[in-house]
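**Q** Got a structure for you, questions after.
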Amino acid sequence: MKNIDIVTNIVVCDYKELNEEQKKLVDAAKESCLRAYAPYSQFNVGAAALLDNGVTVTGSNQENAAYPSGICAERTTLFYAGAQYPDNAVTKLAIAAYKGNAYTKTPTAPCGACRQVILETEHRYNTPIEIILYGEEKTYIITSIESLLPLCFGKTDLE
Ligand code: THU
58 MKNIDIVTNI VVCDYKELNE EQKKLVDAAK ESCLRAYAPY SQFNVGAAAL LDNGVTVTGS
118 NQENAAYPSG ICAERTTLFY AGAQYPDNAV TKLAIAAYKG NAYTKTPTAP CGACRQVILE
178 TEHRYNTPIE IILYGEEKTY IITSIESLLP LCFGKTDLE
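Just add 57 to the spot in the sequence shown (first one is 1) and you have the working numbering.
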């Protein structure tokens, strides 16, 4: 018997420390929060994906009176990217959330279902996705979803 440790590396920084490309993507995610349809949770999430052709695709959470029929910002964004630009890899994904009258102080991390979809997107294009989780007081940068989804189930398990 032995133990294995799985290490998750997260860069913790301030918005001001991001490079221009990262700042633009975070700004797009923040703006996208304002287009969320979240009358039930009042928790407005925005995401912005940068594609390898330079296009930025944004999305937000879209809720439904039948709660499970709604969808998160990350999946709205990645499914739109896949539907509109099937040949382009997603290289970066920024996520922000707005609650009450302000963006959240701490970063909002993707839910389990969204992590699985981000993983599929990485595997689909064989390209790691840099994930930027924005918070007013601190921002996290993660180099691949595999850090947030250890022991993941992916397409190679079906081969
Ligand atoms: N939500 C997202 O859009 N992304 C996340 O990463 C977490 C949760 C949404 C789903 C729902 O509309 C609301 O936030 C509250 O859970």
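C-beta: ideal position from N, C-alpha, C; glycine also.
Within the continuous beta strand (DSSP E) that includes K195, where are the two ends?
**A** Here the question's residue 195 lines up with position 138 in the sequence shown. No beta strand (DSSP E) contains K195, which DSSP labels as neither H nor E.
**Q** In whole angstroms, what separates the C-alpha of T134 from that of Q173?
**A** Here residue 134 refers to the residue found at position 77 of the sequence shown. Here residue 173 refers to the residue found at position 116 of the sequence shown. Looking at the two C-alpha atoms, the distance is approximately 14 angstroms.
**Q** Let's test the definition: count the other Cβ atoms within 10 Å of the Cβ of V64 and tell me whether it reaches 16, buried, or not, exposed.
**A** By 1-based counting over the sequence shown, the position of residue 64 is 7. Exposed: under 16 other Cβ atoms inside 10 Å.
**Q** Which residues share a DSSP beta bridge with E187?
**A** The residue you call residue 187 lines up with position 130 of the sequence shown. DSSP, once it has assigned bridges, lists K149 as partnering E187.
**Q** In angstroms with no decimal places, state the Cα-to-Cα distance between E88 and P207.
**A** Position 31 of the sequence shown, counted from the first residue, corresponds to residue 88. Position 150 of the sequence shown, counted from the first residue, corresponds to residue 207. Near 31 angstroms, if we compare the C-alpha coordinates of P207 and E88.
**Q** Quick one: residues in its chain with C-beta nearer than 6 angstroms to the C-beta of A154, no 5 flanking neighbours on either side, listed in chain order?
**A** Here residue 154 refers to the residue found at position 97 when the sequence shown is read from its first residue. Cβ neighbours of A154 beyond the five flanking positions: V102, T161 and T165.
**Q** If you measure from the CB of V102, is any heavy atom of the ligand THU nearer than 6 angstroms?
**A** Against the sequence shown, residue 102 aligns to sequence position 45. V102: yes, Cβ under 6 angstroms from the ligand THU.
**Q** Provide the residue span of the alpha helix (DSSP H) that contains L205, from first to last.
**A** If you number the sequence shown from 1, residue 205 lands on position 148. Segment: none, L205 is in no alpha helix (DSSP H) and carries neither H nor E.
**Q** Where does the unbroken alpha helix (DSSP H) through V83 begin, and where does it stop?
**A** The residue given as residue 83 occupies position 26 in the sequence shown. Unbroken alpha helix (DSSP H) run through V83: E77 to C90.
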